[in-house]
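Structure first, then comments.
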Amino acid sequence: MLRFLPIAVVPLIIFGLFIICFILFQDSRIESSGLAVYGQVPEFTLIDSNAKEFSSNQLTGKIWVADFIFTKCAGPCLTMSRQMAEFHKNFQKDNRVRMISVSVDPERDSPQVLSKYALLYSANTDIWHFLTGSSEAIHQLAFKGFKVGSIEDSINHSTYFVLVDQKLQIRGYYDGVDQEKMNQLSRDIAYLLEEI
121 MLRFLPIAVV PLIIFGLFII CFILFQDSRI ESSGLAVYGQ VPEFTLIDSN AKEFSSNQLT
181 GKIWVADFIF TKCAGPCLTM SRQMAEFHKN FQKDNRVRMI SVSVDPERDS PQVLSKYALL
241 YSANTDIWHF LTGSSEAIHQ LAFKGFKVGS IEDSINHSTY FVLVDQKLQI RGYYDGVDQE
301 KMNQLSRDIA YLLEEI
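Quick note on the numbering used here: the sequence shown kicks off at 121 and runs consecutively.
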């Protein structure tokens, strides 16, 4: 009788592992579900790295991630741009996803400078848009539109990535220098893609 005990235990172990995997999968789905709406992105028009007008209307119907950087930043912008490049690589074949990097240093970050910066990250600028504009427009967009950054000093910008849904609603904020938050952002992008 004891000889058959191990044979009877194997199916129970397999069943137990199946249940554990199922629970873990459900927990990861619950983490991403029910994303809050933090506000509406206001309409904006800036200039892209091809020196063309770029409007928020071009993002309607898309899931997108925005960050605020500048090309001469020797601090967190490097990490943030590498993270955005990773999202670009992972989602570039999905036409429903876009990336937006807005320069907080428009005096130096002309469209030509942003174009060179995009090349450093092998960015397809039809998917990952690098934007500039007037200091006032960018400051208003960051502080009042996305609710990130400093009202006094745009160069001391936020390190947060902002997730926006297809209705231009802000759905999440993620620290761009925290890998676990970036992993969560990936899961939340996938969750929003299921809603489209």
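Here a beta-carbon is modelled for each residue, glycine too, at the ideal position from N, C-alpha and C.
task: Excluding the 5 residues preceding and the 5 following S152 in the sequence, name in chain order all residues of the same chain whose CB lies nearer than 6 Å to its CB.
output: Counting from 1 along the sequence shown, the entry for residue 152 is found at position 32. Its pLDDT being 44, under 50, S152 is placed unreliably by the model, and the measurement read from it follows with that caveat. Result list for S152: R307, D308 and Y311, in chain order.
- request: Indicate whether Q289 and V157 have their beta-carbon atoms separated by less than 9 Å.
  value: The residue labelled residue 289 in the question sits at position 169 within the sequence shown. The residue labelled residue 157 in the question sits at position 37 within the sequence shown. In this structure, V157 lies closer than 9 Å to Q289 by Cβ.
field: Enclosing beta strand (DSSP E) for L166 [first to last residue]
entry: On the sequence shown, position 46 is the one that residue 166 refers to. Segment T165 to D168, the beta strand (DSSP E) holding L166.
- prompt: Ordered along the chain, which non-local residues of its own chain (more than five positions away) have a Cβ less than 6 Å from that of A205?
  reply: Numbered from its first residue, the sequence shown carries residue 205 at position 85. Hits under 6 Å: Y241.
- prompt: Does the Cβ of M302 have 16 or more other Cβ atoms within 10 Å, making it buried, or fewer, making it exposed?
  reply: As a working note, residue 302 is residue 182 in the sequence shown. So M302 ends up on the buried side.
- prompt: To the nearest angstrom, how far is it from the Cα of E314 to the Cα of S176?
  reply: Taking the first residue of the sequence shown as position 1, residue 314 is located at position 194. Taking the first residue of the sequence shown as position 1, residue 176 is located at position 56. So the two alpha carbons sit approximately 22 Å from each other.
task: Measure the C-alpha to C-alpha separation of Q299 and P231 and round it to an integer number of angstroms.
output: Walking along the sequence shown from the start, residue 299 turns up at place 179. Walking along the sequence shown from the start, residue 231 turns up at place 111. Each residue's alpha carbon lies about 30 Å from the other.
- prompt: With DSSP run on the structure shown, which of helix, strand or coil describes L305?
  reply: Mapped onto the sequence shown, residue 305 falls at position 185. Under the three-state reduction of DSSP output, L305 falls in the helix class.
- prompt: Between which two residues does the beta strand (DSSP E) harbouring I183 extend?
  reply: As a first step, residue 183 must be located in the sequence shown, where it is residue number 63. Here the beta strand (DSSP E) through I183 covers I183 to I189.
message: Less than 8 Å between C-beta atoms, sequence neighbours within five positions excluded: which residues of the same chain meet that for F190?
response: Against the sequence shown, residue 190 aligns to sequence position 70. The beta carbon of F190 is closer than 8 Å to those of C197, S223, V224, D225, R228, D229, I275 and H277 in its chain, skipping five residues each way along the sequence.
field: Under the three-state DSSP convention, the category V268 falls into
entry: Indexing the sequence shown from 1 puts residue 268 at position 148. The answer is coil: DSSP assigns V268 none of H, G, I, E or B.
- prompt: When you compare only the Cα positions, how much space is there between M182 and H259?
  reply: For the purposes of this step, residue 182 is taken as residue 62 along the sequence shown, with counting starting at 1. For the purposes of this step, residue 259 is taken as residue 139 along the sequence shown, with counting starting at 1. Note that residue 182 corresponds to Lys in the displayed sequence, not to Met. Their Cα atoms are separated by approximately 24 Å.
message: Just to confirm my understanding: we take H249, look at its own chain, exclude 5 residues before and 5 after, and list those with CB closer than 8 Å. What are they?
response: Start at 1 with the first residue of the sequence shown, and residue 249 comes out as number 129. For H249, same chain residues with a beta-carbon under 8 Å away, outside a window of 5 residues either side, are D168, S169, F174, R218, M219, I220 and S221 in chain order.
task: Check each candidate in Q304, G292 and L305 and name the one with the smallest Cα separation from Q160.
output: For the purposes of this step, residue 160 is identified with residue 40 of the sequence shown, where counting begins at 1. Of the listed residues, the one whose Cα sits closest to Q160 is G292.
query: Per DSSP, what kind of secondary structure is T180 in: helix, strand or coil?
result: Sequence index remark: in the sequence shown, residue 180 carries index 60 (1-based). Here DSSP, grouped into helix, strand and coil, assigns T180 to coil.
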